[in-house]
Each structure stands twice: as structure tokens, then as C-alpha cells.
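Protein sequences appear in the order of chains C and E. Just so it is clear: in the first sequence, position 33 is 33 by the numbering used here, and no numbers are missing. Just so it is clear: in the second sequence, position 85 is 194 by the numbering used here, and no numbers are missing.
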Amino acid sequence: AQRVTQPEKLLSVFKGAPVELKCNYSYSGSPELFWYVQYSRQRLQLLLRHISRESIKGFTADLNKGETSFHLKKPFAQEEDSAMYYCALLTGGGNKLTFGTGTQLKVEL
Amino acid sequence: ETGVTQSPTHLIKTRGQQVTLRCSSQSGHNTVSWYQQALGQGPQFIFQYYREEENGRGNFPPRFSGLQFPNYSSELNVNALELDDSALYLCASSTGQGIAGELFFGEGSRLTVL
């Protein structure tokens, strides 16, 4: 069965420090992975997807099929990065997403 | 461009009652998905509707049902409410021509079952 694991409920870093939000997945098919973000008092929104291999707001994520991971990284954290981050796996042959439990990122000054 | 809107934003029901939640999809989107998000958890897929037909269902009992209307708006109905149904219910719309996995979420309806 498909599963997405985010081991950290809370990650606290100082402004300017590197950030890595961990995500591991379990899926028998060819995985398509996403990071969604929810800023305070805003709705859940797509941050980036692995297939586009792009950097959004300085964040990147590389799919590692050997380690079944899709960690989200940013070299220098900014205060505005503070948010809830969810890793998600596309399954079910359509737009069904399986989400992890989320990691709250707190960037401290 | 109008985003996804949901109503009501909050509601309280008692065990055994029935509830209907509503969602207006983003303009131009023909697919609506519903997710349940319990406290401290990620969203969990309930079901998806595409052009008024159910197009995939998660691990939820039949007392969770839905509808999609010709204007692509949608309803989620839950019968015989249980305490564990207390959660934030998220609606998300998408388009078949869009980026796969790119869902546009509403702000949710928070249901409390007493």
C-alpha cells in the first residue's frame, strides 16, 4: 500500500541556516511526488513537484528512488518560510494524493 | 479568477445526525476531490468527482457520499455522524488538462461532532 512518512512534526531553524524537510514514501508503481505548503491563515497550495525539477522560492527536492525519499531543501532559511509543509504522493491513476502528516517549519530570527 | 470556496466554514453536529458540506470549484475546473484532515494529520482522500461521476474513492465507509453538479460544484454528505468524523474537510478542484497532482484547495469546513 502507498504511504508517505514525514518523521518530524516540528523543525526549528535559525534564519540563514540550511533547511531539510524529510519525506520517505512507499509505492509499488512509478512515483510522482509533490510538496504542498500551508502558510499561516492561508489555504494549502502546491509548492513544487519532482517531475518539473524546478526551484520554487529557493526550495528544491530531488527524488531518490533508491532511498525512496523526496526531501525538501533550501540553503538559507527565511522568516517567510515558516509554514506547514506536506509531502504528497500521486496515486490511484488520477489526481488522488496521499499526504504525509506534515512538518511545521519554524524559522527563528 | 475565483478560487475554491467552501461552506459552511464551521459547524457543530451531534452524533447520529447528518451533514452536507458544499464546494464551488475554481473557474474552469471539472474535477473535485474531497479530503478529511483530522487534527495533527495530513489530508486523507475521501473521493473524487469528474464530470458528475465518482472517479475514485478512498478508504471511507458508504455513509460518506457525494455529488457533483453540472456547474462542477460539489457536495459531501455524511450520514450517521460519529465522534471520529470531527475534522477539517477540504475540497480541491483541478482540471484534466492541468498539471497532474496540482490541486487547488478551499479553506475547508471544520466539523465538530459532539
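Virtual Cβ for every residue (Gly too), placed ideally from N, Cα, C.
Mark residue i as exposed unless 16 or more other C-beta atoms lie within 10 angstroms of its C-beta, in which case mark it buried.
| i | result |
| --- | --- |
| E:Leu192 | exposed |
| C:Tyr39 | exposed |
| C:Gly102 | buried |
| C:Leu10 | exposed |
| E:Gln127 | exposed |
| C:Leu97 | buried |
| E:Asp194 | buried |
| E:Ala147 | exposed |
| E:Ser116 | exposed |
| C:Ala1 | exposed |
| E:Thr140 | buried |
| E:Pro170 | exposed |
| C:Gly100 | buried |
| C:Leu89 | buried |
| E:Pro152 | buried |
Name the one or two DSSP bridge partners that residue i has.
| i | result |
| --- | --- |
| E:Tyr159 | E:Thr140 and E:Glu162 |
| E:Ile121 | E:Thr221 |
| C:Ile56 | C:Phe59 |
| E:Cys132 | E:Gln115 and E:Ser183 |
| E:Cys200 | E:Trp143 |
| C:Thr5 | C:Asn24 |
| E:Phe154 | E:Tyr144 |
Following the continuous beta strand (DSSP E) through residue i, name the residue where it begins and the one where it ends.
| i | result |
| --- | --- |
| E:Val113 | E:Val113 -> no beta strand (DSSP E), and no H or E assigned at all. |
| C:Tyr36 | Leu33 to Gln38 |
| C:Lys15 | From DSSP, C:Lys15 is part of no beta strand (DSSP E); its letter is neither H nor E. |
| C:Arg43 | Neither: C:Arg43 is in no beta strand (DSSP E) and is coded neither H nor E. |
| C:Tyr110 | Nothing can be reported for residue 110 of chain C: it is not among the residues displayed for chain C, which extend from 1 to 109. |
| E:Leu212 | Where E:Leu212 is concerned, there is no enclosing beta strand (DSSP E), given that its DSSP letter is neither H nor E. |
| E:Phe173 | Phe173 to Gln177 |
| E:Leu190 | E:Leu190 -> no beta strand (DSSP E), and no H or E assigned at all. |
| E:Leu148 | No beta strand (DSSP E) contains E:Leu148, which DSSP labels as neither H nor E. |
| C:Leu105 | Thr103 to Glu108 |
| C:Thr68 | Neither: C:Thr68 is in no beta strand (DSSP E) and is coded neither H nor E. |
| C:Gly99 | With the sequence shown as reference, residue 99 of chain C is identified as Phe, and Gly is not the correct amino acid for it. Run containing C:Phe99: Lys96 to Phe99, per the beta strand (DSSP E) assignment. |
Between the beta-carbon of residue i and the beta-carbon of residue j, is there less than 7 Å?
| i | j | result |
| --- | --- | --- |
| E:Ala201 | E:Phe214 | yes |
| E:Thr129 | E:Asn186 | yes |
| C:Phe34 | E:Gly167 | no |
| C:Pro75 | C:Pro7 | no |
| C:Phe14 | C:Glu108 | yes |
| E:His138 | E:Thr204 | yes |
| E:Gly125 | E:Phe156 | no |
| C:His50 | C:Leu63 | yes |
| C:Lys106 | C:Ser69 | no |
| E:Gln177 | E:Tyr158 | yes |
| C:Leu48 | C:Val37 | no |
| C:Arg43 | E:Glu216 | yes |
| C:Ser28 | C:Arg3 | no |
| E:Val113 | E:Gln135 | yes |
| C:Tyr86 | C:Leu21 | no |
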